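> What follows is a single structure, and I will ask about it in a moment.
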Amino acid sequence: MLCGFVEYGMGSNVSAEGDVYSFGILLLEMFTGKRPTDNDFDETMNLNQLVTMALPERVMEIVARGLITEGEQEQEATSSSNTSRQTRRSKIQRQCVLSMLRIGVMCSEGSTSKRMKIKDALKGLLAIKNMLLKDGKQRN
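No gaps in the numbering here: position 122 of the sequence shown is 122 in full-length UniProt numbering, and each next residue is one more.
Shown next as structure tokens:
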């Protein structure tokens with residue numbers, strides 16, 4: 001399971017589709033804190049399936065602890081004037097995490113024909129970046 005090529009019977013040839021798969025798995029690893037080789041996974045469950053099952057309602061249950069800092073949220077929540085700002089930021093953070101995980105899932109599809117193209121993944125990542133930059137400007 002260390003390599004998408006072996007897992008899905010694609011042999012050992014290097015390909016763009018294999019690179020996209022690896023990129024998707026990397027995104028899922030970063031956001032969940034789990035590895036495809038963890039004991040949680042076996043022939044019936046893998047990292048892609050875990051994330052897919054959690055999207056979108058339970059997404060925050062699978063996000064690695066500390067990825068979204070609770071201290072920052074608590075600090076903002078102490079001031080009533082910051083409540084709407086904190087709510088907006090929390091929604092934006094959740095939307096960005098959800099979007100990143102969706103990209104990871106689509107890039108790490110088992111079937112190469114169903115995988116997201118890298119140019120589409122890049123467009124998605126740029127949209128997330130722009131959403132975060134826009135939120136940062138609104139906070140200042």
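The beta-carbon is built from N, C-alpha and C at its ideal position, and this holds for glycine as well. For clarity, every value in this text was computed on a predicted model and none was experimentally measured.
Taking its Cβ as the centre, do 16 or more other Cβ atoms sit within 10 Å of residue 49, making it buried, or is it exposed?
Exposed.
> Using CA coordinates, which residue listed in 21, 132 and 25 is at the minimum distance from residue 96?
Out of 21, 132 and 25, 132 has the C-alpha closest to the C-alpha of residue 96.
> Between 134, 111, 137 and 100, which has its C-alpha nearest residue 149's C-alpha?
The structure shown does not extend to residue 149, since the chain is modelled only from 1 through 140, so no value can be given for it.
> Terminal residues of the continuous alpha helix (DSSP H) containing residue 27?
16-32
> Could you check whether residue 24 and residue 105 sit closer than 8 Å to each other, using their CB atoms as the reference points?
Closer than 8 Å, so yes.
> With burial defined as no fewer than 16 other Cβ atoms inside 10 Å of the residue's Cβ, what is the status of residue 14: buried or exposed?
exposed
> How many angstroms separate the CA atom of residue 130 from the CA atom of residue 52?
25 Å
> When you compare each of 111, 102, 63 and 134 to residue 122 by their alpha carbons, which one comes out closest?
102
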